[in-house]
Amino acid sequence: MAQNNIDNIKDHAELFHQDEYQELFENKKQFEGGHSPEEVARIAEWTKTWEYREKNFARESLTVNPAKACQPLGAILAAVGFEGTLPFVHGSQGCVAYFRSHFTRHFKEPFSAVSSSMTEDAAVFGGQNNLIDGLANSYNLYKPKMIAICTTCMAEVIGDDLQAFITNAKNAGSVPQEFPVPYAHTPSFVGSHILGYDNMMKGILSNLTKHKKAETTNGKINFIPGFETYIGNLREVKRIAGLLGANYTLLADNSDYLDSPNDGEYRMYQGGTTLEDAADSINAETTIALQAYSTVKTREYIEKEWKQSTTVLRPVGIRGTDEFLIKLSALTGQPIPKELEEERGRAVDALTDSQAWLHGKRIALYGDPDLVIGLVQFLLEVGAEPVHIVVSNSNDVFETELHALLDTSPFGAGATIWGGKDLWHLRSLLFTEPVDLLIGNSYGKYLWRDTHTPLVRIGYPIFDRHHLHRYTTYGYQGTINLLNWIVNTLLDELDRNTIIPSKTDISYDLIR
Amino acid sequence: MTTRGCAYAGSKGVVWGPIKDMIHISHGPVGCGYYSWSGRRNYYIGTTGIDSFGTMQFTSDFQERDIVFGGDKKLAKLITELEELFPLNNGVSIQSECPIGLIGDDIEAVAKKATKEIGKTVVPVRCEGFRGVSQSLGHHIANDAVRDWVFPQYDKEKKAGNIPDGTPYDVAIIGDYNIGGDAWSSRILLEEIGLRVVAQWSGDGTLHEMVNTPSVKLNLVHCYRSMNYISRHMEETYGIPWLEYNFFGPTQIAESLREIASKFDETIQAKAEEVIVKYQKQTEEVIAKYRPRLEGKTVALMVGGLRPRHVVPAFYDLGMRLIGTGYEFGHNDDYKRTTHYIEDGTLIYDDVSAYEFEEFIKEMKPDLVASGIKEKYVFQKMALPFRQMHSWDYSGPYHGYDGFAIFARDMDLALNSPTWSLIGAPWKKAEVETA
Chain A
-2 MAQNNIDNIK
8 DHAELFHQDE
18 YQELFENKKQ
28 FEGGHSPEEV
38 ARIAEWTKTW
48 EYREKNFARE
58 SLTVNPAKAC
68 QPLGAILAAV
78 GFEGTLPFVH
88 GSQGCVAYFR
98 SHFTRHFKEP
108 FSAVSSSMTE
118 DAAVFGGQNN
128 LIDGLANSYN
138 LYKPKMIAIC
148 TTCMAEVIGD
158 DLQAFITNAK
168 NAGSVPQEFP
178 VPYAHTPSFV
188 GSHILGYDNM
198 MKGILSNLTK
208 HKKAETTNGK
218 INFIPGFETY
228 IGNLREVKRI
238 AGLLGANYTL
248 LADNSDYLDS
258 PNDGEYRMYQ
268 GGTTLEDAAD
278 SINAETTIAL
288 QAYSTVKTRE
298 YIEKEWKQST
308 TVLRPVGIRG
318 TDEFLIKLSA
328 LTGQPIPKEL
338 EEERGRAVDA
348 LTDSQAWLHG
358 KRIALYGDPD
368 LVIGLVQFLL
378 EVGAEPVHIV
388 VSNSNDVFET
398 ELHALLDTSP
408 FGAGATIWGG
418 KDLWHLRSLL
428 FTEPVDLLIG
438 NSYGKYLWRD
448 THTPLVRIGY
458 PIFDRHHLHR
468 YTTYGYQGTI
478 NLLNWIVNTL
488 LDELDRNTII
498 PSKTDISYDL
508 IR
Chain B
132 MTTRGCAYAG
142 SKGVVWGPIK
152 DMIHISHGPV
162 GCGYYSWSGR
172 RNYYIGTTGI
182 DSFGTMQFTS
192 DFQERDIVFG
202 GDKKLAKLIT
212 ELEELFPLNN
222 GVSIQSECPI
232 GLIGDDIEAV
242 AKKATKEIGK
252 TVVPVRCEGF
262 RGVSQSLGHH
272 IANDAVRDWV
282 FPQYDKEKKA
292 GNIPDGTPYD
302 VAIIGDYNIG
312 GDAWSSRILL
322 EEIGLRVVAQ
332 WSGDGTLHEM
342 VNTPSVKLNL
352 VHCYRSMNYI
362 SRHMEETYGI
372 PWLEYNFFGP
382 TQIAESLREI
392 ASKFDETIQA
402 KAEEVIVKYQ
412 KQTEEVIAKY
422 RPRLEGKTVA
432 LMVGGLRPRH
442 VVPAFYDLGM
452 RLIGTGYEFG
462 HNDDYKRTTH
472 YIEDGTLIYD
482 DVSAYEFEEF
492 IKEMKPDLVA
502 SGIKEKYVFQ
512 KMALPFRQMH
522 SWDYSGPYHG
532 YDGFAIFARD
542 MDLALNSPTW
552 SLIGAPWKKA
562 EVETA
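Which chain is which? The protein sequence lines are A and B, in order. Under the working numbering, the letters of the first sequence match residues -2 to 509, in that order. Under the working numbering, the letters of the second sequence match residues 132 to 566, in that order.
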């Protein structure tokens, strides 16, 4: 019997390795109508070739394993950064179940969002009634301070007009007239989750700041994190801003929502930027966005409508953090504190300690545009060489920026930017032009399995490793975290490759 | 705030997705396929990307122009590209996302043409997410697509004399998605009692198995909710009887094995008894170890499909008590099938909202909540032990005798984890006590 030891109950990871199940698998093949092992092996080998790579890159209609999601996912992430805010997704209800599951699997936290649950009749008559009823139910049951509405592709295809619907819902008494119901149209057939974030952030800010422009500034700095999935990054930015004595508003702060303490009581709304602070953001000195490509429209809006300056600063790596601190210091008039200078020194010390293991290492990476730029900044600083850079949700402006960054360093000379490509393209790249390390989200594990390229999990989503999202990748502390994950993955791989006794273990060194 | 999903989730995510040798296209914008990519752990044996495609995401990634001008041309081209890059696929299914039905695309015409061009089965599925009120209609639509696009191949082959008669012991497992390997820990028992499992629907299943299913003598249905439609169709059209069984917990496993065997001859019946005896020691050891640790603990369930009733006996076998259960997308016939599984006084809830479920739990105060990923951390924040009963919390299998041992282990580790006792700072507790 397969479960032959009560003190060591085997689950799927071991159970199916037992003889009984191996026989079962073998026996099942006669019914499957599958291909011969030789044929499977032949095709598997073929997929590793340059010939396959060329065919793979010639496809025009098919997307396989993309590294991007759709707009409303980003929209609801933006929404939950505001105090007491309930994201409301207008359209089919399945989308919301997917978004909630996705975030919950990554953050291991509850994620609340509601849907107007449109079905066939709404497809014919429009979703206004769903929105009117849905708003009333949400307001009464979940008692939010704000409801932020975005759309699914269903509502967009049939052309539902959110602005008119919300007005009508208020007139129908679903929510009080003065209750904030910002909205954003977030069609999933345009852009990706980062655009959805941008659209929702713009929608919320334009709603909350309406008629709030004062004569004088409030002296604050606004920070917009963008589609940020590292809770540690929000906390690091707050810590650094605090150390520099900056008076600031984070637009918006979902760190408590997505990393709440367990004290035995569940609270649906946790922390967040207060609506008052958000409303007053229009009167800030300036706005600093920590990502560029998830804040394009929001920054444009802030500059045009608020007449406020905006800057993009990514505090990643040593120089990225330096620039961030210099800017903050200039804005606050405070010198950069010794504490941060010492942190810098420690981080640089760590980099120099590990540089030999990173120098000249060939790296493939993929992810959202801003994540990729931050990582490339870091890699170039330590002398690692980005080789394949895949960004499914790329655009021309991003590619120009990344090219310019790569051009600043001889270590960037060997890099190719593969905009609009997916992870099946990357598979071909890794087979035909192998690298030492892959950086990406959990889906990279399939590439690790197929190509044996060791994987460092950085990005979103990370489903198969715990707690990485709690760390920071920003600031000098974040630099040490990035270094730790990358260098120790390389060293783990070196051990794995030198672990066979009397064959490879001559290099199985104790000291590295 | 509903826990329900959509028709696409019911078709692509549940019924079709696990068929491992076919490529399932998430047809429409990128999101649906992305969020359901590798989410359900439908285990399979195969070389992914070569002859199996279960943990991959194929999509037509609709852009605005596809909405405006229609996606049929893109779809047709996409299928030829699939065929070139994945030549060992044994068929394709087109899983419609919301826009497809709204923009008036003719995916059936594309499918027919593509079938001729690539010489393989291409199945169009009209599972747009706005159809119906939950994933349940998606199951039905997916079942109908099998009826309309797969079984005609059986009829054709049968007519041509290409379908072997099989044995008197041929059965199919229907409605087991092999989450964590459930279908395997079930199949092993069916094979041990002497049956020949010709097809698995759909966990670790293939198109070939599906096509051949109308040749079986009996369909064994685990998830009635998602596959009763096709079982009834096979009964009406091919005269194949079907039987619901339940492989959760030794009491029900024995009962089900005896009932299944009763449909066959005495050799099978005798073997069923042998198998029950064979696993007796294993089961007794599991119960002896875990029952004392779980005795009297109360459970509240809220899940989909068959589980709100089917898993109940496994809890009873461990001495636990069910105090509430509910379906995410149940129908009348599910409730009819529920009452004999539960004790009088058990609270039953249908399609609870997040608000309702939370309020029920606060009132019932169960020792363990067993529900889905969206609920998990809500209740863990309330210091309540929780197990996911869709994904087995990344464990499993839970079906069969081998699965029961894992189930028992997991309920114990959830309920008796020392981490729960850390919740709440001692000085806060002291404050409460003095007050």
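Glycine included, C-beta positions come from ideal geometry on N, C-alpha and C.
- Taking C-beta atoms under 8 angstroms as the contact rule, residue 316(B) and residue 159(B) fail to qualify, at a distance of about 36 angstroms.
- By the CB criterion at 8 angstroms, residue 216(B) and residue 62(A) fall outside the cutoff.
- Under the rule that a run must span 4 or more residues, the alpha helix (DSSP H) segments found entirely inside the stretch 412 to 450 of chain A read 420 to 429 and 441 to 448.
- Taking the CA atoms as reference points, residue 94(A) sits about 12 angstroms from residue 485(B).
- The beta-carbon separation of residue 245(A) and residue 268(A), rounded to 15 angstroms, does not stay under the 8 angstroms limit for a contact.
- Sequence-distant Cβ neighbours of residue 101(A) in its own chain, meaning closer than 8 angstroms and more than five residues away, are 107 and 108.
- Of all residues in the stretch 4 to 28 of chain A, those with a C-beta nearer than 7 angstroms to a C-beta of chain B are 6, 8, 9, 12, 13, 17, 18, 21, 22 and 28, reading in chain order.
- Residue pairing for residue 451(B): DSSP places it in no beta bridge.
- It is roughly 17 angstroms from the alpha-carbon of residue 429(B) to the alpha-carbon of residue 418(B).
- The stretch 308 to 325 of chain B and the stretch 521 to 541 of chain B touch, with no fewer than 3 CB-CB distances between them shorter than 8 angstroms.
- Going by beta carbons, residue 259(B) and residue 232(B) fall inside the 8 angstroms limit.
- Around residue 441(B), the same chain offers 377 and 379 as residues with beta carbons nearer than 6 angstroms, after the five sequence neighbours per side are excluded.
- At a beta-carbon threshold of 8 angstroms, none of the residues of chain B lie near residue 393(A); the nearest stands roughly 16 angstroms away.
- In the DSSP assignment, residue 454(A) falls outside any alpha helix (DSSP H) and lies within the beta strand (DSSP E) extending over 452 to 454.
- The beta carbons of residue 477(A) and residue 466(A) sit about 17 angstroms from each other, so the pair does not count as a contact at 8 angstroms.
- Of the candidates 355(A), 238(A), 408(A) and 250(A), 238(A) places its Cα closest to the Cα of residue 332(A).
- By the CB criterion at 8 angstroms, residue 185(A) and residue 149(A) fall inside the cutoff.
- Less than 8 angstroms separates the beta-carbon of residue 536(B) from that of residue 413(B).
- Chain A has a Cβ within less than 8 angstroms of the Cβ of residue 329(B).
- Taking C-beta atoms under 8 angstroms as the contact rule, residue 497(B) and residue 431(B) qualify, at a distance of about 4 angstroms.
- DSSP, read as helix, strand or coil, puts residue 359(A) in strand.
- Looking at the DSSP output, residue 480(B) sits in a beta bridge with 457(B).
- Contact between residue 145(B) and residue 357(B) holds, with the beta-carbon distance rounding to 6 angstroms and staying under 8 angstroms.
- When 50(A), 303(A) and 384(A) are compared, the shortest CA-CA separation from residue 211(A) is found for 303(A).
- Within the stretch 289 to 367 of chain B, the complete beta strand (DSSP E) runs of at least 3 residues fall at 301 to 307, 327 to 333 and 349 to 352.
- Scanning the stretch 92 to 166 of chain A from its first residue to its last, the whole alpha helix (DSSP H) runs of 4-plus residues come out as 117 to 122, 125 to 139 and 150 to 154.
- In the three-state DSSP reduction, residue 257(A) falls in the coil class, being neither helix nor strand.
- Taking C-beta atoms as the reference points, residue 192(B) and residue 161(B) count as a pair closer than 8 angstroms.
- Judged by DSSP secondary structure, residue 482(A) falls outside any beta strand (DSSP E) and instead within the alpha helix (DSSP H) spanning 472 to 493.
- Note on residue 161(A): under 16 other CB atoms within 10 angstroms of its CB, so exposed under the neighbour-count rule.
- Three or more pairs of CB atoms, one per stretch, sit closer than 8 angstroms, so the stretch 66 to 76 of chain A contacts the stretch 187 to 202 of chain A.
- Linking residue 342(A) to residue 327(A) through their CA atoms gives a straight-line distance of about 21 angstroms.
- Of all alpha-carbon atoms in 200(B), 206(B) and 346(B), the one lying nearest the alpha-carbon of residue 189(B) is that of 206(B).
- Taking 8 angstroms as the upper bound for CB-CB distance, residue 263(B) and residue 153(B) are not in contact here, some 24 angstroms apart.
- One thing to note: residue 253(B) has its Cβ within 8 angstroms of the Cβ of residue 210(B).
- The beta-bridge partner set that DSSP reports for residue 255(B) consists of 225(B).
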